[in-house]
Amino acid sequence: MTIQNQNLSAELARIKGAEIVRSFCYTCPWTCPTEVYVRDDKIVYHKGNPDSPNDIGTRCAKGMASSYMTIDPDRLKYPMKRTNPKSEPGQFERISWDEAFSLIAEKLTEIKEKHGPEAVVWTCHHDPNTVFARHLLGDLYGSPNLYTHTSGCEQDRRFACLTLFGHVFPMHDFANSRYIMLWGMNMLGANQGLFESRALLESKQRGAKLVVVDPVFTETAQKADEWIPIKPGGDSAMALAMCRVIIDENLHDADFVSKYSAGFDGFREHLRDNGYTPEWAAPICGVDAETIARLAREFATTKPAMSACFKGPGYYTNGADASRAIYLLDAITGQVDNPGNIHLKDWAPLGPPVIIPDEAKAKPGKPPLHVAMGYPLAPDLPNSRLPEAVLNGDPYPVKAIFVQATNPVMSDPDKDKMIEMFRGLEFGVAIEVLMSETALECDLVLPETSFYEHAEIRQGLWLGPQIILCQPAVPPVGESKPLYDIVKGIAQKMGWGEHFPYEKWEDWGEVVMKDAPISLDELKKQGFWAGEIRYGRVADGLPTPSGKIEIYSKAYAEAGHNPYPVYSERSVVPDDDYPLQITHSKLSVHCNVLTQNNPLLMEIVGENWVEINTVDAAKYGISDDAYVIVESPKDNITILAKVVEGIVPGVVCIRHGHGFGHWAMGAVAKGKGAHSNVLMDRHTGPISGANCYNECKVRIRPA
Ligand code: SF4
51 MTIQNQNLSA
61 ELARIKGAEI
71 VRSFCYTCPW
81 TCPTEVYVRD
91 DKIVYHKGNP
101 DSPNDIGTRC
111 AKGMASSYMT
121 IDPDRLKYPM
131 KRTNPKSEPG
141 QFERISWDEA
151 FSLIAEKLTE
161 IKEKHGPEAV
171 VWTCHHDPNT
181 VFARHLLGDL
191 YGSPNLYTHT
201 SGCEQDRRFA
211 CLTLFGHVFP
221 MHDFANSRYI
231 MLWGMNMLGA
241 NQGLFESRAL
251 LESKQRGAKL
261 VVVDPVFTET
271 AQKADEWIPI
281 KPGGDSAMAL
291 AMCRVIIDEN
301 LHDADFVSKY
311 SAGFDGFREH
321 LRDNGYTPEW
331 AAPICGVDAE
341 TIARLAREFA
351 TTKPAMSACF
361 KGPGYYTNGA
371 DASRAIYLLD
381 AITGQVDNPG
391 NIHLKDWAPL
401 GPPVIIPDEA
411 KAKPGKPPLH
421 VAMGYPLAPD
431 LPNSRLPEAV
441 LNGDPYPVKA
451 IFVQATNPVM
461 SDPDKDKMIE
471 MFRGLEFGVA
481 IEVLMSETAL
491 ECDLVLPETS
501 FYEHAEIRQG
511 LWLGPQIILC
521 QPAVPPVGES
531 KPLYDIVKGI
541 AQKMGWGEHF
551 PYEKWEDWGE
561 VVMKDAPISL
571 DELKKQGFWA
581 GEIRYGRVAD
591 GLPTPSGKIE
601 IYSKAYAEAG
611 HNPYPVYSER
621 SVVPDDDYPL
631 QITHSKLSVH
641 CNVLTQNNPL
651 LMEIVGENWV
661 EINTVDAAKY
671 GISDDAYVIV
681 ESPKDNITIL
691 AKVVEGIVPG
701 VVCIRHGHGF
711 GHWAMGAVAK
721 GKGAHSNVLM
731 DRHTGPISGA
741 NCYNECKVRI
751 RPA
């Protein structure tokens, strides 16, 4: 801590009569390092950690409001067991942790004997403590099916970056960039990382050009130099046409592609053979050919530059190749991992929290579900295909699901099918901070501590390697437990307690930090460790099959797909009955489970809405700020309308992740807003396994 920061923090602590706990915020995945001020086991204040390079001490509204979760009366407080038949939402009675652990151990043993260990699936958010469950259910029990929620998030971008660069999560070096092209990536609306958002705006102030390609005039588009209102699902056509212009006009970096990429010559032929020109792309993406060509020239000649996407282009069945094409703009112009480019960050050396000896490890008899389902390249479980495994035994039977900090009933398309799936299980367990729609369909509900009440040690989402620590600031709410203690309790009942020998979190923390550059004690004082930002990893060789950027994807070819990205039409196209296309965007003051039962945040934004163009509003008799019915072939929702100029006609945009107590079934959240997932059928990315949320056509009328 610098002297100045140290003095400020100490003075604040004195005024508040509080102890400082250095930690991080996990209200959203960007995990900003924080200082939590605690007096008499209560949080009296919290702010950003001023020494952290992530956000230099700032936090967003939802982070600042987040300590409410430690006093939320609707928090789950006790383990609970279902008392009624599974044909309806659960009613529950309180049980002890001992009974809960015994019941889980009994069911796990029974299911393994009858169906094999792979019949048990674990699905969660990206909480690093799920590694404890991986050791228990993966290493010891033998299930290969421990997954996170990526198919409902940035699965296509992740997939594209893994196949191209062998990197799971490139960051963005906005600060050094001069030309930034963001595709369907509403950083400022979705509040995608405070330090990245800040760097983007500061870079723009210094003269970088920001181009936003999005059907919606989002918060990020509003700050852009140029908004390109693309037709939904047209991203791959536009990006491929841009690649064609760059290569045809010799604006690519010939030296870079010959040294560091595989398949450039074939890609040039592929673009030509398929006729991927701006003139071809224009009617598909709704952007005129001259603009496509101009953007291509600007992008290739203004360095350093970056082309990047997040979820938007991936919400269609053609999203995986769209994401690859977007990142190929970086690859062919040599704009990868130099200052100002997409950044292939280094990871900090963090070890596993417990060591399971090889001889104790079980050997799974079947391949993981995503492979057996026919998605061998998918970076995570194609969640939308899970009901087939539970209800039809396809590709093999799944009999038990553990959901931790995730809510498939509301977060995946086709809610009714998801409910049917949970009701079809032999055993469902939810581990949550608040009752969720999925927890209501489970047999057991276990209360988990929030990030203010437990420890996590994880990789920081900053440009350099970074370790961040979340340490318990206040006691657990009710009888809630950290995941590491829940896993330990189950392990002990299963006879594997010896592998989880820790008494307190520091015991496993020391094991995780064994090879780290600082000690756990230092980490507890600082809250984070940040290493040097390193550029130029491409020249070192990448963790791809060829060691190079795979323009030609060997993995695609081996899986029987075109090794170069192609344009294909999205699956659902509006028609006379349902003439409007849905897209989605997020809200900066909300993040699902952890915000929608928060009265402070709900006072700022208490419900979501649908945006519709003025032309469409006039056509369908829609007024601004009035409720409307949005109807798909599957279902309908009633939602507030906002009539705007800034959206492509024929498209409506729903602020996603809200509605009917979505995530938090607490008194504040319940009944607020509308959830668009009920409108959707299940469409799965054909190669990546992503949920395709925007494959949905609707009509709209006044309510
Ligand atoms: S961006 Fe906001 S909500 Fe997300 S971790 Fe940072 S302070 Fe918390």
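For the sequence shown, my numbering assigns the number 51 to the initial residue and increments by one for each residue that follows.
Where is the CB? At the ideal position from N, CA and C, for every residue including glycine.
Local Cβ density within 10 Å of residue i, reported as buried at 16 or more and exposed below that
i	result
residue 658	buried
residue 525	exposed
residue 57	exposed
residue 772	Outside the shown range of the chain (51 to 753) lies residue 772, about which nothing can therefore be said.
residue 311	buried
residue 115	buried
residue 227	buried
residue 749	buried
residue 25	The structure shown does not extend to residue 25, since the chain is modelled only from 51 through 753, so no value can be given for it.
residue 565	exposed
residue 675	exposed
residue 253	buried
residue 661	buried
Distance between residue j and residue i (C-alpha atoms, nearest Å)
i	j	result
residue 159	residue 457	25 angstroms
residue 74	residue 519	6 angstroms
residue 203	residue 255	30 angstroms
residue 705	residue 309	44 angstroms
residue 485	residue 126	7 angstroms
residue 120	residue 531	13 angstroms
residue 306	residue 642	42 angstroms
residue 581	residue 685	50 angstroms
residue 59	residue 94	14 angstroms
residue 403	residue 243	27 angstroms
residue 373	residue 176	22 angstroms
residue 210	residue 321	18 angstroms
residue 294	residue 319	10 angstroms
residue 495	residue 481	6 angstroms
residue 87	residue 61	12 angstroms
residue 181	residue 534	9 angstroms
residue 193	residue 167	5 angstroms
residue 616	residue 296	17 angstroms
residue 545	residue 503	28 angstroms
Collapsed DSSP secondary structure at residue i in the structure displayed
i	result
residue 501	coil
residue 576	helix
residue 143	strand
residue 205	helix
residue 410	helix
residue 558	helix
residue 92	strand
residue 486	coil
residue 603	coil
residue 686	strand
residue 422	helix
residue 75	coil
residue 433	helix
residue 127	coil
residue 461	helix
residue 188	helix
residue 255	helix
residue 98	strand
residue 227	coil
residue 232	strand
residue 361	coil
Beta-carbon separation (whole angstroms), residue i vs residue j, contact threshold 8 angstroms
i	j	result
residue 112	residue 77	5 angstroms
residue 555	residue 567	Not quite, the Cβ-Cβ distance comes to about 20 angstroms (not below 8 angstroms), so this is no contact.
residue 406	residue 190	6 angstroms
residue 368	residue 208	Actually they do not touch by this definition, with Cβ atoms about 16 angstroms apart.
residue 583	residue 513	5 angstroms
residue 235	residue 390	Not quite, the Cβ-Cβ distance comes to about 17 angstroms (not below 8 angstroms), so this is no contact.
residue 335	residue 233	At roughly 11 angstroms, the Cβ-Cβ gap does not stay under 8 angstroms, so residue 335 and residue 233 are not in contact.
residue 741	residue 463	6 angstroms
residue 263	residue 231	7 angstroms
residue 559	residue 505	6 angstroms
residue 101	residue 647	Wrong, their Cβ atoms sit about 32 angstroms apart, outside the cutoff.
Proximity test, residue i beta-carbon vs ligand 3 heavy atom, cut-off 6 angstroms
i	result
residue 227	Among the ligands present in this structure, namely ligand 1, ligand 3 is not found.
Checklist line | Any residue whose CB is nearer than 5 angstroms to a heavy atom belonging to ligand 1, listed in chain order | finding: 75, 77, 78, 80, 82, 109, 110, 112, 113, 244
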